[in-house]
Amino acid sequence: MTSFVQRVRAENFPEKIVWTMRDTFAILILPFIFLNTYVLSFFNLSQIHIGLADSIFRGVLFVLVCILYKNMLIQHWKFFRAAFWRSSLLVIIGAILLQVVISVTRQFLPISGSDTTENSIDIQDIAFLSLLIVSLGPLFTALLEDIVFRYTLLHKLFIQPLIWRIILVLLNSILFGLIHYHNFDGNVIATISFMVAGLFLNLIYLWTGNIWHVLLIHFLNNAVLSLGGIILLKIVSVLS
Numbered sequence: 001m002t003s004f005v006q007r008v009r010a011e012n013f014p015e016k017i018v019w020t021m022r023d024t025f026a027i028l029i030l031p032f033i034f035l036n037t038y039v040l041s042f043f044n045l046s047q048i049h050i051g052l053a054d055s056i057f058r059g060v061l062f063v064l065v066c067i068l069y070k071n072m073l074i075q076h077w078k079f080f081r082a083a084f085w086r087s088s089l090l091v092i093i094g095a096i097l098l099q100v101v102i103s104v105t106r107q108f109l110p111i112s113g114s115d116t117t118e119n120s121i122d123i124q125d126i127a128f129l130s131l132l133i134v135s136l137g138p139l140f141t142a143l144l145e146d147i148v149f150r151y152t153l154l155h156k157l158f159i160q161p162l163i164w165r166i167i168l169v170l171l172n173s174i175l176f177g178l179i180h181y182h183n184f185d186g187n188v189i190a191t192i193s194f195m196v197a198g199l200f201l202n203l204i205y206l207w208t209g210n211i212w213h214v215l216l217i218h219f220l221n222n223a224v225l226s227l228g229g230i231i232l233l234k235i236v237s238v239l240s
């Protein structure tokens, strides 16, 4: 009987590093996002307009990356479907565990709840469609991050020896956490929770060998926190 991992593993790890222009573009995505945010800060725009522009920009980058990695995504999806229901269960459990990992890690960090950057947008004064578009930003980001971190910067570099693989996984997780320092108002210590989250997602990918598991785990996690939060707050504001 074929095991779950054997059924969903889409490709083996490489014996040597093969780098292409596509991969170079992929790793430049994150600097592009930071640069876009920096440039937008020079314009006299409201928070909602900045959020809209940022979400649309991330959406465009996501479409470009999907086109560049189309063959890989299609190939991995075929293997994901080979054990669809078990894969879906893994995604749901993984999304729950991801939040548990982040929450538990934060309990051991010398930070307060105020270290997380708060949303300054008053949803009661904003059109729901605009809020919906803004809430898509974290979803696009999650998908971009997993293609960049779990595939380009992990799978493609995951060659022997073992010590290099261990160092790569740890450095990848640390970098994943550090790029979220804006989420915590520049508090680097607070990003440790996301470093551990990155490690969790890395291990899931190394286990399954399929990008769709981590893509959907991360997507579901961000969807509940951003899209779900916006919808819930809007419902509450309408009823109150």
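FYI, the UniProt record's numbering numbers position 3 of the sequence shown as 3, with every residue one higher than the one before it.
C-beta atoms are modelled at their ideal positions from N, C-alpha and C, and glycine is treated no differently.
Assuming residue 202 and residue 173 form a contact by the criterion Cβ under 8 Å, report the distance between their Cβ atoms to the nearest whole angstrom. On the sequence shown, residue 202 is found 202 positions in, with the first residue counted as 1. On the sequence shown, residue 173 is found 173 positions in, with the first residue counted as 1. Yes, residue 202 and residue 173 are in contact; Cβ-Cβ is about 6 Å, under 8 Å.
Going straight from the alpha carbon of residue 228 to that of residue 135, what length do you get? Working through the sequence shown from its first residue, we reach residue 228 at position 228. Working through the sequence shown from its first residue, we reach residue 135 at position 135. Rounded to the nearest angstrom, the two C-alpha atoms are 9 Å apart.
Rounded to whole angstroms, what's the CA-CA distance from residue 105 to residue 61? Just pull it up for me. Position 105 of the sequence shown, counted from the first residue, corresponds to residue 105. Position 61 of the sequence shown, counted from the first residue, corresponds to residue 61. Cα to Cα, residue 105 sits roughly 31 Å from residue 61.
With C-beta atoms as the reference, is residue 7 less than 9 Å away from residue 69? Residue mapping note: residue 7 aligns to position 7 of the sequence shown, counting from 1. Residue mapping note: residue 69 aligns to position 69 of the sequence shown, counting from 1. No; because the gap between Cβ atoms is not below 9 Å, this pair is not in contact.
Measure the C-alpha to C-alpha separation of residue 152 and residue 9 and round it to an integer number of angstroms. Here residue 152 refers to the residue found at position 152 when the sequence shown is read from its first residue. Here residue 9 refers to the residue found at position 9 when the sequence shown is read from its first residue. For residue 152 and residue 9, the distance between alpha carbons rounds to 17 Å.
Is the distance from the Cβ of residue 75 to the Cβ of residue 145 below 9 Å? Within the sequence shown, numbered from 1, the residue matching residue 75 stands at position 75. Within the sequence shown, numbered from 1, the residue matching residue 145 stands at position 145. Contact: no.
For residue 11, does the three-state DSSP call read helix, strand or coil? In the sequence shown, the residue the question calls residue 11 occupies position 11. Residue state, collapsed to three classes: coil.
Excluding the 5 residues flanking residue 26 on each side, which residues of the same chain have their C-beta closer than 6 Å to its C-beta? For this step, residue 26 is matched to residue 26 along the sequence shown. So the qualifying residues of the chain are 148 and 152.
Check whether the region 214 to 221 touches the region 80 to 96, counting contact only when three or more Cβ pairs, one atom from each stretch, lie closer than 8 Å. yes
Sequence-distant residues of the same chain with beta carbon closer than 7 Å to residue 150, five excluded per side: For the purposes of this step, residue 150 is identified with residue 150 of the sequence shown, where counting begins at 1. 201, 202, 205, 211 and 214.
Proximity to residue 138 [Cα-Cα], best of 87, 224, 73 and 72: By 1-based counting over the sequence shown, the position of residue 138 is 138. Per the Cα distances, 224.
The alpha helix (DSSP H) that contains residue 202, what's its start and end? Taking the sequence shown and counting its residues from 1, the one referred to as residue 202 is at position 202. Where residue 202 is concerned, the enclosing alpha helix (DSSP H) stretches over 192 to 208.
In the structure shown, what three-state DSSP assignment does residue 16 receive? Counting from one through the sequence shown, the residue named residue 16 turns up at place 16. Reduced to three states, the DSSP call for residue 16 is coil.
CA-CA distance, residue 14 and residue 64? Within the sequence shown, residue 14 is the residue found at index 14, counting from 1. Within the sequence shown, residue 64 is the residue found at index 64, counting from 1. So the two alpha carbons sit approximately 24 Å from each other.
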